[in-house]
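A.B. asks: The structure follows.
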Amino acid sequence: MHRFANPARFLRLSALLLPWCAGATVILTILGLWFSLFSSPPDYQQGETVRIMYIHVPAAWMSLFVYTNMAIAAACGLVWKHPLADLFAKAAAPIGAGFTFVCLVTGSLWGAPMWGTWWVWDARLTSVLILFFLYLGYMALVNAFDDPQRGMKAGNVLLLVGIVNVPIIKFSVDWWNTLHQPASVVRMGGPSIDPSMLTPLLVMAGAFTAYFLSVVLLRVRTEIAQRKIQTLRLSVASGVAGDGTVTDGMRG
Amino acid sequence: MTEFLHMGGYATYVWPAYGIATIVLLGLLVATWKGLRNAEATLKALESARPTRRRTRNSSNSTGRKAADQTAGTPAEASEG
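Chains Y and G are the protein sequences, given in the same order.
Going by full-length UniProt numbering, the first sequence opens with residue 1, and the numbers climb by one from there.
Going by full-length UniProt numbering, the second sequence opens with residue 1, and the numbers climb by one from there.
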């Protein structure tokens, strides 16, 4: 773990990984769209609206996956002062928020024809909405301090507190009465979903994961560059102060 | 083809779902790409504008060497001006 704490080593590693992640994203997206739009049957109850599932469910998985990773990174950042962990959490947040937004909107678009309502304030939907606000709150908090270190620290604490929401989302459909259907893939006794529908689901989940890895690598690279810009600007500022004394001396 | 686009009467729900996902994911990718290009350009500009410390260190080395066998002062003046 600590071997990757070195930004220079990370930059080399990410340059190596990025083409593979980007390639996997393109191939899996094409495959996933083919499976989900053409080569899977309509549901016997829900008809063609079942195709919304191939976006909705992987996006929901990603919203939890990204948040969990950010919380792990936050713990590493707080405990070991791992500089890249902080940057990873900051870089991943907008992607996680994006997936959560997609999950909420597609869920609404699926709920309208199938449940007869765009939104209900039940446990599952509300807890996912809270997850979305946790992402937004983290992004606002991290950028709210003049000192980025303090912002990161506050954001990391928020991420760790918010992790309680993740199991609540996962088990909300079992704990409370809801319109939302219970888990049909990650459940005891294996998936209860037909293979013809499980394949597009898993391929799309793979595509989203590869997309996340590609974009987060680019964003961490951006954060490292921004860190360097900041230290350069600070050293320039202090260098100017040093030159100032010299010119004063020359003037006097 | 029209039947495919029709989505069994649910076209108004299925296509916006795919559209939203495309817009959000592509938008994030473009924003990330632009941010990276901006940051790297700024970093490059800053680094090329401020190699002063490195230059003075190099020139002080070279002045030391050159001062021994060449006319003293000229390289130091060049680096300071």
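Even glycine gets a Cβ: it sits at the ideal position worked out from N, Cα and C.
Values in this document were obtained by computation on a predicted structure and should not be read as measured data.
Hey, how far is the Cα of Y:Trp121 from the Cα of Y:Phe132?
C.D. replies: As a working note, residue 121 of chain Y is residue 121 in the first sequence. As a working note, residue 132 of chain Y is residue 132 in the first sequence. So the alpha carbons of these two residues sit roughly 15 Å apart.
A.B. asks: So which residues of chain Y does G:Val30 contact, with C-beta pairs closer than 8 Å?
C.D. replies: Taking the first residue of the second sequence as 1, we reach residue 30 of chain G at position 30. Residues of chain Y passing the Cβ test: none, with the nearest at roughly 10 Å.
A.B. asks: Less than 8 Å separating the beta-carbons of Y:Arg124 and Y:His180?
C.D. replies: To locate residue 124 of chain Y, count along the first sequence from 1; it is residue 124. To locate residue 180 of chain Y, count along the first sequence from 1; it is residue 180. Yes, the pair counts as a contact, with Cβ atoms nearer than the cut-off.
A.B. asks: Are the beta-carbon atoms belonging to G:Leu46 and Y:Leu13 less than 8 Å from one another?
C.D. replies: Locating residue 46 of chain G in the second sequence gives position 46, where the first residue counts as 1. Locating residue 13 of chain Y in the first sequence gives position 13, where the first residue counts as 1. Against a cut-off of 8 Å, the Cβ pair of Y:Leu13 and G:Leu46 comes out as no contact.
A.B. asks: Scan the region 38 to 51 of chain Y for residues whose Cβ lies nearer than 7 Å to a Cβ of chain G and list them as they occur along the chain.
C.D. replies: Per Cβ criterion, the list reads Pro42, Gly47, Glu48, Thr49, Arg51.
A.B. asks: Under the three-state reduction of DSSP, which class applies to Y:Asp174: helix, strand or coil?
C.D. replies: The count along the first sequence starts at 1 and reaches residue 174 of chain Y at position 174. If DSSP states are grouped into helix, strand and coil, Y:Asp174 belongs with the helices.
A.B. asks: Output needed in chain order: residues of the region 202 to 223 of chain Y with a Cβ under 7 Å from some Cβ in chain G.
C.D. replies: Cβ contacts with chain G come from Tyr211, Val215, Leu218, Arg219, Arg221, Thr222.
A.B. asks: Give, in chain order, every residue of the region 39 to 51 of chain G whose Cβ lies closer than 9 Å to some Cβ of chain Y.
C.D. replies: Answer in chain order: Ala39, Glu40, Thr42, Leu43, Leu46, Glu47, Ala49, Arg50.
A.B. asks: Determine the DSSP secondary structure at Y:Asp194, reduced to helix, strand or coil.
C.D. replies: Locating residue 194 of chain Y in the first sequence gives position 194, where the first residue counts as 1. It is coil, neither helix nor strand.
A.B. asks: G:Leu36 versus chain Y: which residues are under 9 Å apart at the beta carbon?
C.D. replies: The count along the second sequence starts at 1 and reaches residue 36 of chain G at position 36. Those are Leu218, Arg219, Arg221, Thr222, Ala225, listed as they occur along chain Y.
A.B. asks: Using only alpha-carbon positions, find the residue among Y:Leu136, Y:Arg9, Y:Ile72, Y:Tyr54 that is nearest to Y:Phe38.
C.D. replies: Residue 38 of chain Y sits at position 38 when you count from the first residue of the first sequence. Comparing Cα-Cα distances from Y:Phe38 to each of Y:Leu136, Y:Arg9, Y:Ile72, Y:Tyr54, the minimum goes to Y:Tyr54.
A.B. asks: Need the endpoints of the alpha helix (DSSP H) that Y:Ser47 sits in, please.
C.D. replies: Numbered from 1 along the first sequence, position 47 holds the residue referred to as residue 47 of chain Y. Per the sequence shown, the amino acid found at residue 47 of chain Y is Gly instead of Ser. Taken as a continuous stretch (DSSP letters only), Y:Gly47 belongs to no alpha helix (DSSP H), as it is neither H nor E.
A.B. asks: Are the Cβ atoms of Y:Asn177 and Y:Ser127 separated by less than 8 Å?
C.D. replies: Indexing the first sequence from 1 puts residue 177 of chain Y at position 177. Indexing the first sequence from 1 puts residue 127 of chain Y at position 127. Result no, Cβ atoms of Y:Asn177 and Y:Ser127 do not sit closer than 8 Å.
A.B. asks: On the three-pair Cβ rule with 8 Å, is the region 202 to 211 of chain Y touching the region 31 to 45 of chain Y?
C.D. replies: Yes, they touch.
A.B. asks: Measuring only the C-alpha atoms, how far is Y:Asp43 from Y:Gly116?
C.D. replies: Sequence index remark: in the first sequence, residue 43 of chain Y carries index 43 (1-based). Sequence index remark: in the first sequence, residue 116 of chain Y carries index 116 (1-based). Spanning the two alpha carbons is a distance of roughly 18 Å.
A.B. asks: Examine chain Y for any beta-carbon lying closer than 8 Å to the beta-carbon of G:Leu5, and answer yes or no.
C.D. replies: The sequence position of residue 5 of chain G within the second sequence is 5, counting from 1. By this cut-off, G:Leu5 is not an interface position.
A.B. asks: Between which two residues does the alpha helix (DSSP H) containing G:Asn38 stretch?
C.D. replies: For the purposes of this step, residue 38 of chain G is taken as the residue at position 38 of the second sequence. Taken as a continuous stretch (DSSP letters only), the alpha helix (DSSP H) holding G:Asn38 covers 11 to 49.
A.B. asks: For Y:Arg12, report the span of its alpha helix (DSSP H) as first-last.
C.D. replies: Within the first sequence, numbered from 1, the residue matching residue 12 of chain Y stands at position 12. Unbroken alpha helix (DSSP H) run through Y:Arg12: 7 to 37.
A.B. asks: Find the residues of chain Y that neighbour G:Leu26, judging by a C-beta separation of less than 7 Å, and give them in chain order.
C.D. replies: Locating residue 26 of chain G in the second sequence gives position 26, counting from the first residue. Neighbours of G:Leu26 on chain Y: none; closest Cβ ~10 Å, over 7 Å.
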